[in-house]
Amino acid sequence: MQALILAGGEGTRLRPITSTMPKPVVPLANRPHLELMISWLRRHEVDEVILSCGFLADGVREVLGTGERLGIPIRYVEEPVPLGTGGALRFAGDLLAERFFMLNGDVLTDIDLTAQLAQHDATGARATIALIGVDDPSAYGLVRRHPDHSVSEFLEKPSPDQIDTNLVNAGAYILDRSILEQMPAPGSNISIERDVFPKLVGQGLFGFASDGYWIDIGTPGRYLQGTFDILEGNVATDVGDALEGARGVLADGVALEGRAVAPVIIGQGGAVAASATVGGRAVLGRNVSVGPGSHIEDAVVLDGSTVGSGVRIRSAIIGPSVTIGDQCVIESGAVVGQGVKLGAGNVLSAGARLFPGVELPDGALRF
Ligand code: GDD
Ligand code: MG
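For the sequence shown, our numbering begins at 389 and goes up steadily by one.
And the structure:
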């Protein structure tokens, strides 16, 4: 079965990480997000991937290539300008089979697509949307259903007074090619959520309620949550399996003199100095060094970053190739972009975001 993955959004809510890296390949537990997604798809008989790209497309191609490393052919479709979620589908039309999966490229999930497909066939649907329960549906597409699972209403980004169910669109669809015929010609900007699904109500649109793990990783808080859930095995992934086999500590090829507290992943070429602690719930990318006495917990530090001595990092995301001076404190949802250089004694907290390339002298910031 074929899978069309939408990976053309700008990922604005995950800036500054996505200022220099396309959201689809932002690493989660040291694996490009789409790689995790593809291994989930492969568990459900997907044997061909079409990636619909736009923003920073070359960056995606560089990381995933033809798919050889992942054992699955990947083809790319590049929109000249972003065409929206429906426009991207229409634009990929020539490559699509009679029936295929379509996925939002920014969700981390282990939804049972095989069961979704079985329901799709049993109901004779033309489109089946996976649904997931969330606490606050306002950031998602709200879906109401009839008892036979057919969709009675699809409301993208509902206002508070419209919310009467917690089931939302999980961004995983099974679509029949026939729905393309009802869409405007390729090249128009179309939202599948606002322009296509509402029109398909009563014409073969069904919802499949899933109880799998699911999270949209598109904000710093949810990116961290997704990372922790991989580390804790709350979502089924290959990385989680590997961690379990290694008693919660993956640190191959690392000069580990300090402590690694499970669950933790430290990438190849890393160095953790004596009296430093990394973990629990921390991921360090490749070639990250951590100085003496530093403590990194509930946090992600991407490839090639250098952490000085006596530093505290907690509930934060540090981008690649960042230099953090001695005694800095970075916490409470702070996000630091690629190549930032922080002098000693800076304090970042409460959702501070430093954009790529920023350089701060010693003690400049107490945010
Ligand atoms: N190729 C392409 N072109 N892809 C796009 C474009 C585009 O113009 N616009 C968005 N995408 C991709 C994004 O990269 C992302 O993977 C996916 O489409 C969804 O876009 P988001 O911008 O992340 O949408 P959202 O999170 O606000 O809402 C969507 O996802 C929710 C679940 O996470 C909707 O589908 C909601 O209904 C859904 O509940
Ligand atoms: Mg999203």
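Positions of the beta carbon are idealized from the N, C-alpha and C atoms, including for glycine.
Since we're looking at a predicted model, the values are computed, not measured.
Cα-Cα separation between residue 639 and residue 430, rounded to whole angstroms: So the alpha carbons of these two residues sit roughly 27 Å apart.
Output the distance between the C-alpha atoms of residue 520 and residue 505, rounded to the nearest integer angstrom. For residue 520 and residue 505, the distance between alpha carbons rounds to 16 Å.
Three-state secondary structure assigned by DSSP to residue 538: Here DSSP, grouped into helix, strand and coil, assigns residue 538 to strand.
Which residue wins for smallest C-alpha separation from residue 579, given the options 545, 403, 612? Closest in alpha carbon position to residue 579, among 545, 403, 612, is 545.
Pick from 646, 651, 669: whose alpha carbon is nearest that of residue 658? Out of 646, 651, 669, 646 has the C-alpha closest to the C-alpha of residue 658.
Check the DSSP bridge columns for residue 637 and list the partner residues they point to. Here residue 637 is bridged, per DSSP, to 652.
Does the count of Cβ pairs from the stretch 430–450 and the stretch 736–752 closer than 8 Å reach three? With the cut-off at 8 Å, the stretch 430–450 and the stretch 736–752 do not touch.
Excluding the 5 residues flanking residue 420 on each side, which residues of the same chain have their C-beta closer than 6 Å to its C-beta? Hits under 6 Å: 413, 451.
Over what stretch of residues does the alpha helix (DSSP H) that includes residue 497 continue unbroken? From DSSP, residue 497 is part of no alpha helix (DSSP H) but of the beta strand (DSSP E) over 495–497.
Just mark residue 635 as buried or exposed, buried being the case when its beta carbon has 16 or more other beta carbons within 10 Å. So residue 635 ends up on the exposed side.
Applying the 10 Å Cβ sphere with the 16-neighbour rule, what's the burial state of residue 581? The residue is buried, with at least 16 neighbouring Cβ atoms inside 10 Å.
How many angstroms separate the CA atom of residue 439 from the CA atom of residue 605? A direct Cα-Cα distance of roughly 18 Å separates residue 439 from residue 605.
Considering only C-alpha positions, which residue in the set 726, 727, 739 is nearest to residue 718? Residue 739 is the option with its Cα nearest to residue 718.
Nearest by alpha-carbon distance to residue 702: which of 688, 426, 529 is it? Comparing Cα positions, the closest option is 688.
Any 3 or more C-beta pairs closer than 8 Å across the stretch 451–470 and the stretch 548–567: At 8 Å Cβ cutoff, the stretches do not touch.
Check whether the Cβ of residue 494 sits closer than 7 Å to any heavy atom of ligand 2, and report yes or no. Distances taken from the Cβ of residue 494 to the heavy atoms of ligand 2 include one shorter than 7 Å.
Tell me the DSSP bridge mates of residue 662? Answer is none; residue 662 lacks a bridge partner.
Taking the alpha helix (DSSP H) that residue 683 belongs to, which residues open and close that run? Residue 683 -> not in any alpha helix (DSSP H); beta strand (DSSP E) instead, spanning 683–685.
Residues bridged to residue 643 [DSSP beta-bridge criterion]: DSSP lists 659 as partners of residue 643.
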